[in-house]
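The structure under discussion appears below in the form of structure tokens.
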DNA sequence: CGGCCGATTATCT
DNA sequence: GATAATCGGCCGG
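Numbering (my numbering), first residue to last: 3 to 204.
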């Protein structure tokens, strides 16, 4: 399990460090896990794409706290988004987990998300991932560094830097520049991820 | 394949 | 009252 100090750095540094790590969720006593393959960084009140741009509110309070906690919010009237709080107390920052390569508990994940059970690439979106893992607002504010918790992150396989694409964040609507074009999205191509896992893990 | 659109409600102005 | 860190379905090329 990754310790608190791992998370204590600005989101644009934490986001690439989380690529390749293993996200673990314990549901009904069962382990659901996958390799994180896509992340985005949201850093500080000055970042106009970050929810914390409006300052401390009820929703954003978790982002202002200690790193290594889950910031989970509801959007588009139907989707939960999973973020990991970064940086230090008083500096609001978080990393959005956008995609993962499933490793453990596939059966329960497909049960949680029946409609996509057949697709070859079925956890390539932040809301797909939370549905498969059974992550909702009930877990907002969870400590990822607690042994008895139901969600945490573990060390994972090394991902070669040349397989990680860096682009602008997506879905930001009319966020002004320079934030709209900030290269704060890291992603491993899904076919590359498959090959890598086959060779590294089997 | 790429672009457009409706769904559906918490949160903030 | 407007908007949203999305998704899936439907359209045309």
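Glycine included, every Cβ here is placed at the ideal spot set by N, Cα and C.
The structure displayed is predicted, hence computed values, not measured ones.
- Under the DSSP definition of a beta bridge, residue 27 partners with 34 and 153.
- In this structure, residue 110 sits near residue 29, with a CB-CB distance shorter than 8 Å.
- Counting C-beta pairs closer than 8 Å gives three or more between the region 124 to 137 and the region 92 to 103, which meets the contact rule.
- With fewer than 16 neighbouring CB atoms inside 10 Å of its own CB, residue 3 falls in the exposed class.
- In this structure, DSSP gives residue 9 a helical state, which the three-state scheme calls helix.
- DSSP lists 82 as the beta-bridge partner residues of residue 76.
- Taking the CA atoms as reference points, residue 69 sits about 10 Å from residue 5.
- Residue 168 counts as exposed, since fewer than 16 other C-beta atoms from the protein chains shown sit within 10 angstroms of its C-beta.
- Setting aside the 5 residues that flank it on each side, residue 195 is surrounded in the same chain by 39 and 103, each with a C-beta closer than 6 Å to its C-beta; the list follows chain order.
- Under the 8 Å Cβ criterion, the region 79 to 92 does not count as touching the region 169 to 187, having fewer than three qualifying pairs.
- With fewer than 16 neighbouring CB atoms inside 10 Å of its own CB, residue 33 falls in the exposed class.
- In the three-state reduction of the DSSP assignment, residue 64 falls in the helix class.
- The DSSP-derived three-state label of residue 146 is coil.
- One thing to note: residue 14 has its Cβ within 8 Å of the Cβ of residue 186.
- Short of 6 Å from the beta carbon of residue 54, and not among the five residues preceding or following it, lie these beta carbons of its own chain, in chain order: 47, 62, 65 and 94.
- The residue from 189, 78, 107 and 118 with its alpha-carbon nearest to that of residue 20 is 189.
- The residue from 192, 163, 184 and 154 with its alpha-carbon nearest to that of residue 9 is 154.
- Per DSSP, residue 102 is one residue of the beta strand (DSSP E) stretching across 95 to 106.
- Rounded to whole angstroms, the gap between the alpha carbons of residue 151 and residue 59 is 26 Å.
- Boundaries of the alpha helix (DSSP H) harbouring residue 132: 128 to 135, taken from the DSSP string.
- Sequence-distant partners of residue 144 (beyond 5 residues in either direction) whose C-beta falls short of 7 Å from its own C-beta, in its chain, are 71, 72, 151 and 153.
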